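A.B. asks:
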Amino acid sequence: MHQPVYLKLHWVGPGCGERDFSETTSVNGTIVITPNDGGTIPLPASFQGFLLVWVVDANGNAIKFDGLIGKAIIRQFPQADTAYNAIPIQAGAELLNNAIISPPNGPLQFDGIHYKEVTGQVTGSVFPPVGNFATYLIFLTLDAISNRPNGSTFVDFRFSDQFENSISSSTSFTCWGLVSIAGLGVTSPGIVQSGPAQTVTGTPVTLLGLIMTQDLSGGGTGGPLVTTHNIVPFLNNSVPVPTTFFPDGAPLPVASQQ
């Protein structure tokens, strides 16, 4: 008999709007989620954002499972599909398998005890937005209270080419953000490295992300058409930043209830 695995899934978009749902699979099973097929899965709050998934028991308690893997397949353009692997976050190393981490509708603590911490600084290779190419940086943070007003996350970053010439820039976003590097003066392949993500007061926060590169050489009288579409995850600096993610319905921190 197959062991059931119960999942909680939360779409989170720019501005921290959220929609959630549940799924059931098995230990070696696979589920396919298509957000716009008109079925039982709710549409995301926005066409941009991220999907956060964790394992729960039959009573809805978040538990240690450490067995989820995933892949996102983006079919934004019929002629230019792309895919990338999900970012796995394990439960705390000291917990036993199936140990309860959080009660139903409780917050998710990425503190190294409940779930492992993630980081707040990223690095990656970028292709310059020259000719027919467009490059975007996609950022998200787990320092979020879903469906509530959230403060902005601020990120400074620096581009360096093969000769170590550098250009600095910055951005801010709320829960999820996308930045085009067009107009920043990047003209040759190189690397981009962020500084530590922070709140407006300088408090460190988590930062994860992707780099998206598009070839716009297709098209005709109707304008540019994407012919290739490539997405790769950022690398990180392995410096942990503890945080708590508050799904919709989770008890809020005292400061947020005032």
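Everything in the sequence shown is counted per our numbering, starting at 1317 for the first residue and increasing by one. Positions of the beta carbon are idealized from the N, C-alpha and C atoms, including for glycine. No experiment lies behind these values; they were computed from the predicted model shown.
1. Note down the Cα distance separating residue 1344 from residue 1396, rounded to an integer number of angstroms.
2. Residue 1412 lies in the beta strand (DSSP E); which residues open and close that run?
3. Could you tell me which of 1471, 1501, 1464 sits nearest to residue 1328, measuring between CA atoms?
4. Once you ignore the five residues that flank residue 1318 on each side, which residues in its own chain have a CB closer than 8 Å to its CB?
5. Contact between the segment 1540 to 1548 and the segment 1470 to 1486 is defined here as three or more beta-carbon pairs at a separation below 8 Å; is this criterion met?
6. With H, G and I counted as helix, E and B as strand and the rest as coil, what does DSSP make of residue 1330?
7. Checking 8 Å against the spacing of the C-beta atoms, do residue 1533 and residue 1448 come in under that value?
8. Please go through the same chain and pick out, in chain order, the residues whose beta-carbon is closer than 6 Å to the beta-carbon of residue 1451, but skip the five residues on each side of it.
9. Can you grab the Cα-Cα spacing for the pair residue 1326 / residue 1552, in whole Å?
10. Since residue 1299 and residue 1483 should fall inside the 8 Å C-beta cutoff, what is the C-beta to C-beta distance between them, to a whole number of angstroms?
11. Which of the three DSSP states, helix, strand or coil, is assigned to residue 1573?
12. Taking the CB atoms as reference points, tell me whether residue 1408 and residue 1558 lie closer together than 8 Å.
13. With contact counted as at least three CB pairs below 8 Å, one residue from each stretch, are the segment 1409 to 1425 and the segment 1375 to 1392 in contact?
14. Give a yes or no on whether the minimum CB-CB distance between residue 1478 and chain C is below 8 Å.
15. What are the boundary residues of the beta strand (DSSP E) that residue 1419 is part of?
16. With distance defined between alpha-carbon atoms, name the residue in 1458, 1459, 1466, 1454 nearest to residue 1473.
17. For residue 1403, does the three-state DSSP call read helix, strand or coil?
18. Let's see if you can read the secondary structure: which residues bound the beta strand (DSSP E) around residue 1482?
19. To the nearest angstrom, report how far apart residue 1505 and residue 1457 are at their CA atoms.
20. Would residue 1518 be called buried (16 or more neighbouring beta carbons within 10 Å of its own) or exposed?
21. Using alpha carbons as the reference points, say which of 1437, 1360, 1338, 1320 lies closest to residue 1383.
22. Rounded to the nearest angstrom, how far is the Cβ of residue 1322 from that of residue 1371, given a contact under 8 Å?
23. So who's on the other strand from residue 1360, going by DSSP bridges?
24. If residue 1350 and residue 1546 are in contact, beta carbons under 8 Å, what's the gap, nearest whole angstrom?
25. Counting C-beta neighbours from all protein chains within 10 Å, is the total for residue 1391 16 or more, i.e. buried, or is it exposed?
C.D. replies: Short version:
1. Against the sequence shown, residue 1344 aligns to sequence position 28. Against the sequence shown, residue 1396 aligns to sequence position 80. Taking the straight line from one Cα to the other gives about 30 Å.
2. If you number the sequence shown from 1, residue 1412 lands on position 96. First-last for residue 1412: undefined, no H or E at that position.
3. Translated into positions along the sequence shown, residue 1328 becomes position 12. Per the Cα distances, 1464.
4. Residue mapping note: residue 1318 aligns to position 2 of the sequence shown, counting from 1. For residue 1318, where only same-chain residues beyond five positions count, the Cβ hits under 8 Å are 1342, 1343, 1344, 1345.
5. no
6. The sequence position of residue 1330 within the sequence shown is 14, counting from 1. Residue 1330 falls in the helix class under three-state DSSP.
7. Within the sequence shown, numbered from 1, the residue matching residue 1533 stands at position 217. Within the sequence shown, numbered from 1, the residue matching residue 1448 stands at position 132. Cβ atoms of residue 1533 and residue 1448: closer than 8 Å.
8. Against the sequence shown, residue 1451 aligns to sequence position 135. Result list for residue 1451: 1442, 1443, 1445, 1497, 1529, in chain order.
9. The residue you call residue 1326 lines up with position 10 of the sequence shown. The residue you call residue 1552 lines up with position 236 of the sequence shown. For residue 1326 and residue 1552, the distance between alpha carbons rounds to 24 Å.
10. Residue 1299 cannot be examined here, being either before or after the span of the chain that is shown, 1317 to 1574.
11. Position 257 of the sequence shown, counted from the start, is the residue given in the question as residue 1573. For residue 1573, the predicted model reports a pLDDT of 47, less than 50, meaning its position is unreliable and no value from the coordinates is stated.
12. Against the sequence shown, residue 1408 aligns to sequence position 92. Against the sequence shown, residue 1558 aligns to sequence position 242. Result no, Cβ atoms of residue 1408 and residue 1558 do not sit closer than 8 Å.
13. yes
14. This model lacks chain C altogether; it includes just one protein chain.
15. As a position in the sequence shown, residue 1419 is number 103, starting the count at 1. Here residue 1419 belongs to no beta strand (DSSP E), and DSSP marks it neither H nor E.
16. Reading the sequence shown from its first residue, position 157 is the one you call residue 1473. With distances taken between Cα atoms, residue 1473 lies closest to 1454.
17. Working through the sequence shown from its first residue, we reach residue 1403 at position 87. In the structure shown, residue 1403 sits in coil (DSSP, three-state: anything other than H, G, I, E or B).
18. Looking up residue 1482 in the sequence shown gives position 166. Taken as a continuous stretch (DSSP letters only), the beta strand (DSSP E) holding residue 1482 covers 1482 to 1489.
19. As a working mapping, residue 1505 is identified with position 189 in the sequence shown. As a working mapping, residue 1457 is identified with position 141 in the sequence shown. Cα-Cα distance, rounded: 26 Å.
20. Residue mapping note: residue 1518 aligns to position 202 of the sequence shown, counting from 1. Looking at its Cβ environment, which holds fewer than 16 other Cβ atoms inside 10 Å, residue 1518 is exposed.
21. Within the sequence shown, residue 1383 is the residue found at index 67, counting from 1. The shortest Cα separation from residue 1383 among 1437, 1360, 1338, 1320 belongs to 1320.
22. Here residue 1322 corresponds to residue number 6 of the sequence shown, with the count starting at 1. Here residue 1371 corresponds to residue number 55 of the sequence shown, with the count starting at 1. Their Cβ separation, rounded to whole angstroms, is 7 Å, which keeps residue 1322 and residue 1371 in contact under 8 Å.
23. Taking the sequence shown and counting its residues from 1, the one referred to as residue 1360 is at position 44. According to DSSP, residue 1360 bridges with nothing at all.
24. Your numbering for residue 1350 matches position 34 in the sequence shown. Your numbering for residue 1546 matches position 230 in the sequence shown. Rounded, the Cβ-Cβ distance is 22 Å, inconsistent with contact.
25. Along the sequence shown, read from residue 1 onward, the residue named residue 1391 stands at position 75. By the 10 Å Cβ count, residue 1391 comes out exposed.
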